[in-house]
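Chains as they are written, first to last, in my numbering: chain A, 1 to 832; chain B, 1001 to 1227.
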Ligand SMILES: Nc1ncnc2c1ncn2[C@@H]1O[C@H](COP(=O)(O)OP(=O)(O)OP(=O)(O)O)[C@@H](O)[C@H]1O
Ligand SMILES: [Mg+2]
């Protein structure tokens, strides 16, 4: 039988500690709802309509013109009335304004008359796409008009053609966001393709063939039929159900990362829940002892406090849901133009349900230990002033184990990836164990410090006050800060390495798709003879007879062997290359064709000298033996090749294009670009600095979103500080009063409290600093291969901000303590 | 010359609408070196009087003079150092700082004052009260009698002019009480401090120079004892 009035009384008298508990619950729910809701919004508004996302039922994709066999198969289907087809070409090119004084790298899309099969292309004018796009016209993104200073009706040079800009595109069904592109979109009618004269063999063009099937046609069977006609490893046949678009992949990765952050925050707020509840129940210890002394049983006590916790937990959950909703609605406010313009934020009931279930689970799990401890309170506690130590019994370890398993389960469920999931768990456990051990060590040292200053000594003593959650505070704060600051540092380093300090000697202008017969004229126009790199597009088929598992490869989050590779031929090492295995690029003792591979390839799949790699060079199978393994001595923006063949080999005869990279004065880039593409419209000139800046901007936007969600984990730390101060309220008042009686000024007491918080803030910040510096150094060196800058100014700022935050929070939680009048306290204490 | 003087002290509390008077127009003086006992029934206002005399609380009306200073005129932050240097306290329930060990508790007032000889002074006092070997114990590792001896040392470490004691033996058994009282009186003599003590014990009252009796917030009697 539950006693309603008892529960109500406990609820209303629980005060601040209960508020902190509720807020921790709120925070965990809020995090889950916000992150899941955000993911849902992206999935629903950007990625849900898979057919529109791929603009077809079956998608044929290749980097070369489609093989006759495949085209025949498509033609057969069409003849039978089993499908309609549509061609799309997608590639980068440089366009010019009419007078030719301005050029711009754009993302060209040449589409057949029925485009799009699914979804709708939205135009600024509101007209329908088909009524606008006609031969001789181009529909462009606003950014193009802005950057070239053009208006609708103006003319635009694209390749060899001159087109009239007729409208502005605001949304494409198969490209719901445009920030993954390095240049604005230009859409052109397929009838103009020939006139452009941009498709050379070996150019980097995406060839697509979209099929739309009538209802009655079987999707899978049709796809299978086409697959059997396609050139394996070169032409991909996928259905809208299986295809993974680049955008989807990007968002999958991004949302995956957000999910990691959410779990991390959930864990920290769990620690907060435990911390606040322990303190809350500690305050009730005497009451509970009295209840037990007058005959209340253990189950009575546990049952009633369980009810109290349940009610508080529900309040927190409700609050979390409400705030979660609010946050979802106000995300555009926070992120402003960070989010893709056409992202519609939706309320996701699934996210709400998940939040609810998770919230209850988290509360139940983290509340278990403090509640269990209630059973151990003895009636005799009435007579003792000191409360019993929290003994760690079997149930404690059991609960810890269950929490761990829950956490692992959560990770695997949210991340849906065993390997990454277990890395993540290991990483987080490592992080927490590391901060835990470091905290323990530092506190051990601090305790033994001989300190002369009374205020400082007293402050450090305060860290070890019974009931103080010093350790919990430091661990959560430093773990949260370490994560936030690592993200910042890595981003800064990427920025510094690639954007701000673009190496002075690195080439800044890349020319792609020069045709072999244009090389001499090209050098003339350029006014210099740069090093030319022949580029032959190909795919990997097998290594030592073992086929490359394309499905498996594409699942990798990093580089993979399923993508197309650029091959080249030469007999020398580049300046930034060194031999890793072997003395020279090629060997005397190998029969047949040889190939030198970069160590990056070996990292993806172990290979040794003599291993046989099979390539598919535009339909022609070629096998070569590994002759050496190269490495790059420094990461730079210079061109590099994974596979190098001997100069004097059959590769010379393969269809190829020429690539070169030059260094041009900053203000001459435009002029050089113009000169080249006016004369060679088929050549794409990429201003690398600008491309990198665009990329950095994307990275920056998303890092901001991530940081926004990471802030939640810091709030968890702040809540634990508040809980800790509240838990030690009595001891703090006692100290403050005794100091005052013995003649300390108010300022002294304030100093002691401030110093105590300073110590907590400083220890947490420094710990976070060490971990994040080490972590981002490893990430920079290992993952990105870039020089590392520790960024002392930002580090100092982080430490300062943390210290100020902790002091601020700690002192504001202590205001009422500082105001306490000695007489009243003494009187209360004497009467005990 | 009076080292301590109460002039027309009045203290009232307001509880809701009602105003209750705890002390009414209390005036008396304490000459330097005197041992004064304040006695009276429970609730008569003894503790309240002591807190007013020692500047821990402010009277509703009237003033308290310590030497040449009207302490009711001092601001909180002026009062604190004044208390530190001239007054010492011993309470019924010890009030030791739990996070400091015995020695640190004793040193505390001297340290607050910035006395560089705080450790030596504290050590000497601890030795004097027979607690040299307990000096690193924390309060929860000390018995009641030991705690009170530490509190006594703490009250004396700054060699205060006036020592206030509010039922210092109220929480102790008779054996410990006697020991504490003997120590208190002996130390007071050694330091030449004025002592104002609240007690219910007739034995102690007998040892005092003078006794004032409170009833319902007024002085209703005063006895002088032959030296
Ligand atoms: N803050 C307050 N508000 C209202 N009344 C108070 C307050 N503090 C004390 N009193 C009242 O003042 C009266 C005197 O209290 P005081 O503690 O001075 O008595 P006492 O003589 O020291 O008693 P005892 O011998 O029991 O210690 C009591 O009746 C008490 O209820
Ligand atoms: Mg009293």
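Glycine included, C-beta positions come from ideal geometry on N, C-alpha and C.
Keep in mind that this is a model prediction, so the values were computed, not measured.
At the level of alpha carbons, what is the spacing between residue i and residue j?
i	j	result
residue 17 of chain A	residue 173 of chain A	51 Å
residue 276 of chain A	residue 318 of chain A	18 Å
residue 625 of chain A	residue 567 of chain A	14 Å
residue 303 of chain A	residue 362 of chain A	19 Å
residue 1153 of chain B	residue 455 of chain A	21 Å
residue 81 of chain A	residue 215 of chain A	12 Å
residue 386 of chain A	residue 285 of chain A	Residue confidence for residue 386 of chain A is low, a pLDDT of 48 falling below 50, so the modelled location carries little weight; the figure read from the coordinates is stated next. Using only the alpha carbons, I get a separation of about 11 Å.
residue 427 of chain A	residue 260 of chain A	11 Å
residue 272 of chain A	residue 1095 of chain B	32 Å
residue 6 of chain A	residue 733 of chain A	28 Å
residue 1056 of chain B	residue 741 of chain A	7 Å
residue 86 of chain A	residue 32 of chain A	42 Å
residue 767 of chain A	residue 806 of chain A	14 Å
residue 1184 of chain B	residue 751 of chain A	34 Å
residue 1006 of chain B	residue 1045 of chain B	14 Å
residue 449 of chain A	residue 1101 of chain B	15 Å
residue 321 of chain A	residue 28 of chain A	10 Å
residue 697 of chain A	residue 817 of chain A	48 Å
residue 366 of chain A	residue 718 of chain A	18 Å
residue 832 of chain A	residue 731 of chain A	For residue 832 of chain A, the predicted model reports a pLDDT of 41, less than 50, meaning its position is unreliable and no value from the coordinates is stated.
Per DSSP, which residues does residue i bridge with? Please list them.
i	result
residue 594 of chain A	A/625
residue 538 of chain A	A/565
residue 138 of chain A	A/165, A/188
residue 511 of chain A	A/660, A/685
residue 172 of chain A	A/175
residue 1031 of chain B	B/1002
residue 1231 of chain B	Only positions 1001 to 1227 of chain B appear in this structure, which leaves residue 1231 of chain B out of reach.
residue 709 of chain A	Partner(s): none; residue 709 of chain A has no beta bridge.
residue 1089 of chain B	B/1164
residue 238 of chain A	A/59
residue 1194 of chain B	B/1162
residue 1213 of chain B	B/1039, B/1221
residue 616 of chain A	A/539, A/621
residue 472 of chain A	Paired residues: none, contrary to the question.
residue 1026 of chain B	B/1009
residue 158 of chain A	A/95, A/161
residue 632 of chain A	A/577
Every unbroken alpha helix (DSSP H) within the stretch 247-290 of chain A, with a cutoff of 4 residues, ordered by chain: Qualifying alpha helix (DSSP H) stretches: none in this window.
For the stretch 1182-1214 of chain B, list every residue whose C-beta sits within 9 Å of some C-beta in chain A, in sequence order. None of the residues of the stretch 1182-1214 of chain B has a beta carbon lying less than 9 Å from any beta carbon of chain A.
Residues from the stretch 727-747 of chain A in contact with chain D, defined by Cβ distance under 9 Å: Reference to chain D is not applicable here, since the protein chains of this structure are A and B.
Should the stretch 1108-1121 of chain B be regarded as contacting the stretch 1048-1057 of chain B, the criterion being three or more beta carbon pairs within less than 8 Å? Touching, no, given that fewer than three Cβ pairs across the two stretches are closer than 8 Å.
Cβ contact (3+ pairs, closer than 8 Å) linking the stretch 1038-1045 of chain B and the stretch 1211-1218 of chain B: Between the stretch 1038-1045 of chain B and the stretch 1211-1218 of chain B there are three or more inter-stretch CB-CB distances shorter than 8 Å, so the stretches are counted as touching.
Let me know the beta strand (DSSP E) ranges lying completely inside the stretch 1125-1187 of chain B, each 3 residues or longer, listed in chain order. For the stretch 1125-1187 of chain B, whole beta strand (DSSP E) runs of length 3 or above, ordered along the chain, are 1162-1166.
Along the stretch 265-278 of chain A, what residues have a CB closer than 8 Å to any CB found in chain B? Cβ contacts with chain B come from no residue of the stretch 265-278 of chain A.
Okay, do the stretch 604-615 of chain A and the stretch 648-658 of chain A touch, 3+ Cβ pairs below 8 Å being the bar? With fewer than three CB-CB distances shorter than 8 Å, the stretch 604-615 of chain A does not count as touching the stretch 648-658 of chain A.
Quick one: which unbroken alpha helix (DSSP H) runs of 4-plus residues sit fully inside the stretch 729-758 of chain A? Chain order, please. Positions of the alpha helix (DSSP H) runs, each at least 4 residues long and wholly inside the stretch 729-758 of chain A, are given as 729-741 in order along the chain.
Could you say if the stretch 195-215 of chain A and the stretch 86-100 of chain A meet the contact criterion of at least three C-beta pairs nearer than 8 Å? In short, these stretches touch, since the Cβ pair count reaches three.
Could you pull out every unbroken alpha helix (DSSP H) segment of at least 4 residues lying fully inside the stretch 64-136 of chain A, listed in chain order? DSSP runs (the alpha helix (DSSP H)) wholly in the stretch 64-136 of chain A: 68-80, 129-132.
Any residues in the stretch 440-464 of chain A with a beta carbon nearer than 9 Å to a beta carbon of chain B? Which ones, in chain order? Correct list: 454, 457, 458, 461, 462, 464.
May I ask you to verify whether the stretch 705-721 of chain A touches the stretch 527-539 of chain A, counting CB pairs closer than 8 Å and requiring at least 3? Taking 8 Å as the limit for Cβ pairs, the verdict is that the stretch 527-539 of chain A does not touch the stretch 705-721 of chain A.
Using a Cβ-Cβ cutoff of 7 Å, what residues of the stretch 1049-1061 of chain B are near chain A? List them in chain order. The stretch 1049-1061 of chain B vs chain A, Cβ under 7 Å: 1051, 1056, 1057.
Contact list for the stretch 358-373 of chain A against chain B, Cβ threshold 8 Å: Flagged: no residues at all.
Within 8 Å of chain B by C-beta, residues of the stretch 794-815 of chain A in sequence order: For the stretch 794-815 of chain A, which is checked against every Cβ of chain B, not one residue is closer than 8 Å.
Below 8 Å between beta carbons is the criterion; list the residues of the stretch 1117-1133 of chain B that meet it against any residue of chain A, in chain order. Under the 8 Å Cβ criterion, the stretch 1117-1133 of chain B contributes no residue.
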